[in-house]
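Student: Got a structure for you, written out below as structure tokens; questions coming shortly.
Protein chains: 2
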Amino acid sequence: MLELYRQTGKMALGSRLRQLGEQLAEQAARVYPLYGVTIDPKWFPVFFMLRTGECLSISALAEAIGHSHASVSKCVKEMTAAGFVSSQKVAGDGRVNQVCLTEQGRALVPRLERQSADAAAVVEELLQLSGNNLWEAISEFEYLLTERDFYTRVEDKFIAREQENIELRDFDDSYAEAFATLNYDWIEQYFTVEESDRAMLEAPREYILDKGGHIVMALANGEPVGTCALINHDGARWELAKMAVAASAQGKGIGYLMGRAILDKARQLGAESIFLESNTSLTPAIKLYRKLGFERMVGDPSPYARCNIQMQVLLEPSIGAIADSAS
Amino acid sequence: MLELYRQTGKMALGSRLRQLGEQLAEQAARVYPLYGVTIDPKWFPVFFMLRTGECLSISALAEAIGHSHASVSKCVKEMTAAGFVSSQKVAGDGRVNQVCLTEQGRALVPRLERQSADAAAVVEELLQLSGNNLWEAISEFEYLLTERDFYTRVEDKFIAREQENIELRDFDDSYAEAFATLNYDWIEQYFTVEESDRAMLEAPREYILDKGGHIVMALANGEPVGTCALINHDGARWELAKMAVAASAQGKGIGYLMGRAILDKARQLGAESIFLESNTSLTPAIKLYRKLGFERMVGDPSPYARCNIQMQVLLEPSIGAIADSAS
DNA sequence: ATTGGTTACGTAACTGATTACGTATTTGAG
DNA sequence: CTCAAATACGTAATCAGTTACGTAACCAAT
């Protein structure tokens, strides 16, 4: 095996697939002369689709064989020059170009079918000889990728790895500046800072902590990159607010980590429900809240102009406690 | 699935392999930005091979990653322009161009390694989730192809199919002309007709059959396409001669069929050995004789100028009889 | 009847690989 | 020591596909 494959291991799966495919294509090309099928192997898909004598349009062919219409168009041009197909505008619709086998093309069909049958039989034999059926393996692999594609699966790993570097800390005054900055940054990016923002961001101790609330900070490599606050309304009803993640640290699941921590804290504090206010244009945020268990609700009008949606989650302390002790 | 695949069935294995490979490559390309690896995905193989800091020549890289040196050369040129590698002539040998990562290139290595590890882990997971392990399936398939390649396997099917249309017939006078023509044709193609040829070809009954010998004709769709004669020398020693197959019908195993028939006949007639005379330049013929069991020997000088090799097979009638009754 | 949007298709430009070829350097056989 | 063969590698041409773009035809809602 090639040195690269030895070193990359199974990561090279993609290249190996393509390489085996090319090897098969190269050997298959040598089969054509054996059966007296004097066509360019790259014409095969078009030829095969027309073998029944049926005429098909360029785009129907492209659709059926999974290539671009441009590619099929070029292919048909070559096949026409070689005399195997002819094409003509169809009566009903002046755009479509019907392609049919010529007499000369039809003459090759029986040989092509013998060839196809033998090739298929060989593939089938090879598959049966293997402990792991390659055909089935491809089907299963493709199915797994439709369930959750390769990129998303790698992204999951990436987030998990990034979260290893994230620490959550309770707020103390050394984080006051970071708490304000992180929130100002995101508010200014999408909206404008309002008076109630300013009060809370400048004096979190007074407006949040002294009223029984709580603030968590997320640190990446020691640097504050996220904030989230839990605000006490009446001891039973609490509010999740001031959720902010630095732009450079987004996409690593930091919001989810902070949200989970705030929910745990709320349970400890005997909260029965938590609500929040947000804006439907902040799609990733809404998605995050939903993942945390929040559902849309209609509540009191918000003091913030930017808010057009309210969400709420009901806490069941006993179940929460069980889940906690189980984890 | 695409209509073409539905119709071709497993014959399309090659295309499916390539297509899945491309799908993976496309998704893998999206992974690079996630990890902040700002390289063109097609540079990956070169980058990966240099990741340890070791410097490699263009051709060493090409060898290791299984691409042409031209491709690597172009790739290195682009990577140099982007500042990731530098290259310089090596001291000892003025031809080779050593390629090394630059400082900027080395800076990406840790991120690249995280990315590689995560991608490999995802592939491994996907493989484990499948009933048929795709990686193993590829390995097994490749192994089977090294044992006997795809082309040869199809060729076997082809020959078997062609042989269904071949009939063997005992000589009668209606084949006299074909017997002569088929032999004249091949002799004239490679050598020149000699006097002893002419006698035997013009009067096979007199020179072969009346002396206890035998001739089989091979017919394809009713047309004579092959001849083979068994000549009696002394009742125990026989000669296989006048083996001829029409150029248009070669490569279908007709010679083998006739040879088998002649050997069977010789056993029936009580032959103890069969010899033949040929020329070493007729490689396919020599190969055929060997397949039939003939081995080289040194015998009496040949009456034919064209002959420079004699071969012989010893018959063991009892074993032959057992084999016959068993089949 | 008009007109904006969609569809079918051909041509052109691009892409990532290859093979072919030319040149400089090294190797090795006599 | 010399010169033919082999090696390293860069450039050019080619190949089989793609995307991008332009044009003509069709459709459907005014």
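So the sequence lines, in the order shown, correspond to chains A and W.
Using the numbering used here, read the first sequence as starting at 1 and increasing by one per residue.
Using the numbering used here, read the second sequence as starting at 1001 and increasing by one per residue.
Glycine is no exception: its CB is placed at the ideal position from the N, C-alpha and C atoms.
Provide the residue span of the alpha helix (DSSP H) that contains Cys1075/W, from first to last.
Tutor: As a working note, residue 1075/W is residue 75 in the second sequence. Here the alpha helix (DSSP H) through Cys1075/W covers His1069 to Ala1082.
Student: Ala321/A by DSSP, collapsed to three states: which one?
Tutor: On the first sequence, position 321 is the one that residue 321/A refers to. With a pLDDT of only 48 at Ala321/A, under 50, the local geometry of the prediction cannot be trusted, and no value is derived from it.
Student: Rounding to the nearest angstrom, what Cα-Cα distance links Leu315/A and Pro1033/W in this structure?
Tutor: Translated into the one-based positions of the first sequence, residue 315/A becomes position 315. Translated into the one-based positions of the second sequence, residue 1033/W becomes position 33. Between Leu315/A and Pro1033/W, the C-alpha separation is close to 39 Å.
Student: So is Arg296/A buried or exposed if we call it buried at 16+ other beta carbons inside 10 Å?
Tutor: Residue mapping note: residue 296/A aligns to position 296 of the first sequence, counting from 1. So Arg296/A ends up on the exposed side.
Student: Where does the unbroken alpha helix (DSSP H) through Ser1174/W begin, and where does it stop?
Tutor: Counted from its first residue, the second sequence places residue 1174/W at position 174. Run containing Ser1174/W: none; DSSP gives neither H nor E here.
Student: Can you give me the C-alpha to C-alpha distance between Ala1220/W and Gln104/A, rounded to a whole angstrom?
Tutor: In the second sequence, the residue the question calls residue 1220/W occupies position 220. In the first sequence, the residue the question calls residue 104/A occupies position 104. Taken atom to atom, the span from the alpha-carbon of Ala1220/W to that of Gln104/A is near 24 Å.
Student: In the DSSP assignment, find the beta strand (DSSP E) that holds Leu314/A and state where it starts and stops.
Tutor: Residue mapping note: residue 314/A aligns to position 314 of the first sequence, counting from 1. Ile309 to Leu314 is the extent of the beta strand (DSSP E) around Leu314/A.
Student: Measuring alpha carbon to alpha carbon, tell me which residue in Ser1087/W, Ile1215/W and Leu1282/W is nearest Arg1260/W.
Tutor: Looking up residue 1260/W in the second sequence gives position 260. It is Ile1215/W.
Student: Val1085/W bridges to which residues according to DSSP?
Tutor: What you label residue 1085/W is simply residue 85 of the second sequence in a count that begins at 1. Paired residue(s): Leu1101/W.
Student: Is Ser1015/W helix, strand or coil by DSSP?
Tutor: For the purposes of this step, residue 1015/W is taken as the residue at position 15 of the second sequence. In the structure shown, the three-state DSSP call for Ser1015/W is helix.
Student: Using only alpha-carbon positions, find the residue among Arg1205/W, Asn1132/W, Cys1307/W and Lys1291/W that is nearest to Thr1192/W.
Tutor: By 1-based counting over the second sequence, the position of residue 1192/W is 192. Checking every option, the nearest Cα to that of Thr1192/W belongs to Cys1307/W.
Student: Under a Cβ-count criterion, where at least 16 other Cβ atoms within 10 Å of its own Cβ denotes burial, should Ser248/A be classed as buried or exposed?
Tutor: As a first step, residue 248/A is located in the first sequence; it is residue number 248 there, counting from the start. Burial call: exposed.
Student: What does a CB cutoff of less than 7 Å around Asn279/A pick up in its chain, not counting 5 residues either side in sequence?
Tutor: Residue mapping note: residue 279/A aligns to position 279 of the first sequence, counting from 1. Arg306, Cys307, Asn308 and Ile309, listed in sequence order.
Student: Do you know offhand how far Ser1175/W's Cα is from Phe48/A's?
Tutor: For the purposes of this step, residue 1175/W is identified with residue 175 of the second sequence, where counting begins at 1. For the purposes of this step, residue 48/A is identified with residue 48 of the first sequence, where counting begins at 1. Strictly speaking, residue 1175/W in this sequence is Tyr, with Ser absent from that position. Approximately 41 Å between the Cα atoms of the pair.
Student: Sorted by chain position, which residues of the same chain lie with C-beta nearer than 7 Å to Tyr207/A's C-beta, five sequence neighbours on each side aside?
Tutor: Working through the first sequence from its first residue, we reach residue 207/A at position 207. Around Tyr207/A: Ala199 and Met200.
Student: Going by the CB atoms, is the gap between Ala120/A and Phe1150/W shorter than 9 Å?
Tutor: In the second sequence, counting from the first residue as 1, residue 1150/W sits at position 150. In the first sequence, counting from the first residue as 1, residue 120/A sits at position 120. No, the pair does not count as a contact, with Cβ atoms beyond the cut-off.
Student: I'd like the span of the alpha helix (DSSP H) that includes Phe47/A, first residue to last.
Tutor: Your numbering for residue 47/A matches position 47 in the first sequence. Unbroken alpha helix (DSSP H) run through Phe47/A: Phe44 to Leu50.
Student: What ranges does the beta strand (DSSP E) occupy inside the segment 1205-1231 of chain W, keeping only unbroken runs of at least 3 residues that lie completely in it?
Tutor: 1214-1220
Student: Three-state secondary structure (DSSP) at Phe330/A?
Tutor: Only positions 1 to 327 of chain A appear in this structure, which leaves residue 330/A out of reach.
Student: Quick check: the Cα distance between Thr1283/W and Tyr1289/W, rounded to an integer number of angstroms?
Tutor: Residue 1283/W sits at position 283 when you count from the first residue of the second sequence. Residue 1289/W sits at position 289 when you count from the first residue of the second sequence. When rounded, the distance between both Cα atoms is 10 Å.
Student: Just curious, the beta strand (DSSP E) that Lys1242/W is in, first and last residue?
Tutor: As a position in the second sequence, residue 1242/W is number 242, starting the count at 1. Its beta strand (DSSP E) spans residues Arg1237 to Val1245.
Student: Against chain W, with Cβ distances strictly below 9 Å, would Asp149/A count as a contact?
Tutor: Within the first sequence, residue 149/A is the residue found at index 149, counting from 1. True, the Cβ-Cβ gap to chain W drops below 9 Å.
Student: Tell me the rounded alpha-carbon separation between Tyr190/A and Gly1083/W.
Tutor: Translated into positions along the first sequence, residue 190/A becomes position 190. Translated into positions along the second sequence, residue 1083/W becomes position 83. C-alpha separation (whole angstroms): 37 Å.
Student: Less than 9 Å between the C-beta atoms of Ala271/A and Ala229/A, yes or no?
Tutor: Taking the first residue of the first sequence as 1, we reach residue 271/A at position 271. Taking the first residue of the first sequence as 1, we reach residue 229/A at position 229. Contact: no.
Student: So which residues on chain W does Asn331/A lean against when the C-beta distance must stay under 8 Å?
Tutor: Any question about residue 331/A goes unanswered here, given that chain A covers just 1 to 327.
Student: Using a Cβ cut-off of 7 Å, pull out every chain A residue sitting near Thr1283/W, in sequence order please.
Tutor: For the purposes of this step, residue 1283/W is taken as residue 283 along the second sequence, with counting starting at 1. What Thr1283/W touches in chain A: nothing, since even the nearest Cβ is about 19 Å away.
Student: What did DSSP end up calling Glu1295/W once you bin it into helix, strand or coil?
Tutor: Here residue 1295/W is taken as the residue at index 295 of the second sequence, counted from 1. If DSSP states are grouped into helix, strand and coil, Glu1295/W belongs with the strands.
Student: Does the distance from the C-beta atom of Ser1059/W to that of Val1076/W stay below 9 Å?
Tutor: For the purposes of this step, residue 1059/W is identified with residue 59 of the second sequence, where counting begins at 1. For the purposes of this step, residue 1076/W is identified with residue 76 of the second sequence, where counting begins at 1. It is not a contact, given that the beta carbons lie outside the stated cut-off.
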